[in-house]
Amino acid sequence: MSTLIVILLVASVVGSGVAGGVFFAFSGFVVQGLDLVPAAAAARAMRGINVTALRPPLMLELFGTALVAVAVAVLAFVAGSDAAWWIAAAAVIYLVSVVVVTGGANVPRNTALAAAADDDASLARAWAAFRPGWLAWNHVRAGGASVSCALFAIALALVW
33 MSTLIVILLV ASVVGSGVAG GVFFAFSGFV VQGLDLVPAA AAARAMRGIN
83 VTALRPPLML ELFGTALVAV AVAVLAFVAG SDAAWWIAAA AVIYLVSVVV
133 VTGGANVPRN TALAAAADDD ASLARAWAAF RPGWLAWNHV RAGGASVSCA
183 LFAIALALVW
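So in the working numbering, spot 16 of the sequence shown is number 48, and the numbers just go up one at a time.
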């Protein structure tokens, strides 16, 4: 079982690290880049990003990592691993900061942006309403996924 735990921990480190990187990219420069164009153009671009984000590569990465995180936490407790609490903490932080925040904070904002009328004035208003809250919650996702990655790495070092 310890080999399986190691494999799942490696997958959890990679998955949470990639998720943190994706969210960091949006917080660090993508949204700021969108701020350099008129608000209606930024809204249209983000709408396009949101459509392409709902494809298997990102969905598998984000939600597959959540599934692996839960599986490795359960296995670690069943095996009596010294790293079980580190793994559980990492999994909970990932689930809350990535899965819950995405579904509860970012997706509703994406939906509202998508529902805005397609004229420039409506899109500019929608972008002004969308951007601050979406970006703040995205910071939470970036930080949570990164903390989760670090905790999974600590657990990996403990079981290695």
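All C-beta atoms, glycine included, are put in the ideal place defined by N, C-alpha and C.
On a predicted model such as this, the values are computed, not experimentally measured, just so you know.
Check	Outcome
Assigned secondary structure, Pro70 (DSSP; H/G/I helix, E/B strand, else coil)	coil
DSSP state of Leu86 mapped onto helix, strand, coil	coil
Pairwise C-alpha distance: Val172 and Ser180	12 Å
Residue from Ser44, Ala161, Thr35 whose Cα sits closest to the Cα of Ala120	Ser44
Backbone CA spacing between Phe58 and Met78 [nearest angstrom]	11 Å
Three-way DSSP call (helix, strand, coil) for Asp151 in this model	coil
Complete alpha helix (DSSP H) runs within the region 73 to 144 (minimum length 4 residues, chain order)	88 to 111, 116 to 126
Residue range of the unbroken alpha helix (DSSP H) whose run includes Val46	34 to 57
Counted within 10 angstroms of its Cβ, other Cβ atoms place Trp192 as buried (16 or more) or exposed	exposed
CB contact flag (Leu40, Val104, <8 Å)	yes
Top-ranked residue by Cα proximity to Arg76, from Ala123, Phe109, Ala156	Ala156
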